[in-house]
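Peer 1:
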Amino acid sequence: MDVKILSGSVYIDNVQSFIKKLDDIASVNNVTVQALNADKLAGKRHLEFAVKKALRAIENRYNRAKDTGIEIMRYASGKRQIEDAFNIGIHNGTNNIAFVILGSPENISYVSENLNELITENPVLAYDESKRDLILSEFEITQPEVDAVGEHKIPELVLERVALVDVLK
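Numbering (my numbering), first residue to last: 50 to 218.
1) Look at the alpha carbon of serine 102 and the alpha carbon of aspartate 72, and state the distance between them as a whole number of angstroms.
2) Pick helix, strand or coil for lysine 69, following the three-state DSSP scheme.
3) If we count the other Cβ atoms within 10 Å of its Cβ and call it buried at 16 or more, is threonine 117 buried or exposed?
4) Can you give me the C-alpha to C-alpha distance between alanine 91 and serine 179, rounded to a whole angstrom?
5) Please report the straight-line C-alpha distance between arginine 129 and aspartate 215, rounded to a whole angstrom.
6) Check whether the region 131-142 touches the region 158-169, taking contact to mean three or more Cβ pairs, one atom from each stretch, closer than 8 Å.
7) Tell me the rounded alpha-carbon separation between alanine 125 and lysine 89.
8) Based on the DSSP output, what are the partners of glutamine 83 in its beta bridges?
9) Three or more C-beta pairs under 8 Å: does that hold for the region 71-87 against the region 105-120?
10) Which first and last residues belong to the beta strand (DSSP E) in which glycine 118 is found?
11) Apart from the five residues just before and just after asparagine 109, which ones in its own chain have a Cβ nearer than 6 Å to its Cβ?
12) Report the rounded CA-to-CA distance for isoleucine 74 versus leucine 167, giving the unit in angstroms.
13) Which of helix, strand or coil does DSSP assign to isoleucine 139?
14) Using the Cα positions of leucine 55 and alanine 147, report the straight-line distance between them to the nearest angstrom.
15) Taking the alpha-carbon of phenylalanine 98 as reference, which of Met122, Ser76 and Tyr111 has the nearest alpha-carbon?
16) Between the alpha carbons of leucine 104 and tyrosine 111, how many angstroms are there, rounded?
17) By how many angstroms is the C-alpha of leucine 206 removed from the C-alpha of valine 198?
18) Under a Cβ-count criterion, where at least 16 other Cβ atoms within 10 Å of its own Cβ denotes burial, should leucine 174 be classed as buried or exposed?
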């Protein structure tokens, strides 16, 4: 199974309708599509690590979610509970969005073209200072932790939270 990540901006009138559209695209093309709030992601490495952890959990049968996309969201959020993971999802209004697409290369290519029509592609996934406060809050990273490792290590602190999803009870 191949993985592709797309990111950009989109205005969403109705989250439920948008998710239904994504589900329809995914189901017709035999892929998984998961949409995430890119403002709460600490870069491409964060998302790739979460995808890897989610797929490993599914492969080894210790996943909590039955849906692959939701399991990816759970790891990306750094949360053990599925309900808590939805905080990293999309919302009504303007969204910086990241799509994770899983499937065969041919199907991913076709779906990518469809999703590119929904968004304005731009580099919203990369970590920058504008994401700092939201990410610290979302991942419960304290100022003493940041002081200990330095501001430039905030993305690594997020990766630590993702890694700890399987450990924390």
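Ideal Cβ positions, reconstructed from N, Cα and C, are used throughout, including at glycine.
Peer 2: According to the data block:
1) For this step, residue 102 is matched to residue 53 along the sequence shown. For this step, residue 72 is matched to residue 23 along the sequence shown. First, the residue type needs correcting, since residue 102 is lysine and not serine in the sequence shown. Cα to Cα, lysine 102 sits roughly 22 Å from aspartate 72.
2) Position 20 of the sequence shown, counted from the start, is the residue given in the question as residue 69. Lysine 69: helix per DSSP, three-state reduction.
3) As a working note, residue 117 is residue 68 in the sequence shown. Buried, by the Cβ-count rule.
4) Along the sequence shown, read from residue 1 onward, the residue named residue 91 stands at position 42. Along the sequence shown, read from residue 1 onward, the residue named residue 179 stands at position 130. CA-to-CA, the gap between alanine 91 and serine 179 works out to about 11 Å.
5) Residue 129 sits at position 80 when you count from the first residue of the sequence shown. Residue 215 sits at position 166 when you count from the first residue of the sequence shown. The alpha-carbon atoms of arginine 129 and aspartate 215 are separated by roughly 7 Å.
6) Taking a cut-off of 8 Å on C-beta distances, the region 131-142 does not touch the region 158-169, as fewer than three cross pairs fall below it.
7) Numbered from 1 along the sequence shown, position 76 holds the residue referred to as residue 125. Numbered from 1 along the sequence shown, position 40 holds the residue referred to as residue 89. If you take the alpha carbons of alanine 125 and lysine 89, they lie about 9 Å apart.
8) Position 34 of the sequence shown, counting from 1, holds the residue named residue 83. In the DSSP output, where bridge partners are listed per residue, glutamine 83 has Val149.
9) With the cut-off at 8 Å, the region 71-87 and the region 105-120 touch.
10) Taking the sequence shown and counting its residues from 1, one reaches residue 118 at position 69. Note, glycine 118: premise wrong, no beta strand (DSSP E); alpha helix (DSSP H) at 117-126.
11) Residue numbering aside, residue 109 sits at position 60 when the sequence shown is read from its first letter. Exclusion of the five residues before and after asparagine 109 leaves no residue of its chain whose Cβ lies closer than 6 Å to its Cβ.
12) The count along the sequence shown starts at 1 and reaches residue 74 at position 25. The count along the sequence shown starts at 1 and reaches residue 167 at position 118. Near 12 Å, if we compare the C-alpha coordinates of leucine 167 and isoleucine 74.
13) Within the sequence shown, residue 139 is the residue found at index 90, counting from 1. Coil, per DSSP.
14) Here residue 55 is taken as the residue at index 6 of the sequence shown, counted from 1. Here residue 147 is taken as the residue at index 98 of the sequence shown, counted from 1. Cα to Cα, the separation comes out at about 6 Å.
15) By one-based count along the sequence shown, residue 98 stands at place 49. Closest in alpha carbon position to phenylalanine 98, among Met122, Ser76 and Tyr111, is Met122.
16) Against the sequence shown, residue 104 aligns to sequence position 55. Against the sequence shown, residue 111 aligns to sequence position 62. One C-alpha to the other measures close to 10 Å.
17) Stepping through the sequence shown from its first residue, residue 198 is reached at position 149. Stepping through the sequence shown from its first residue, residue 206 is reached at position 157. If you take the alpha carbons of valine 198 and leucine 206, they lie about 9 Å apart.
18) As a working mapping, residue 174 is identified with position 125 in the sequence shown. Note on leucine 174: 16 or more other CB atoms within 10 angstroms of its CB, so buried under the neighbour-count rule.
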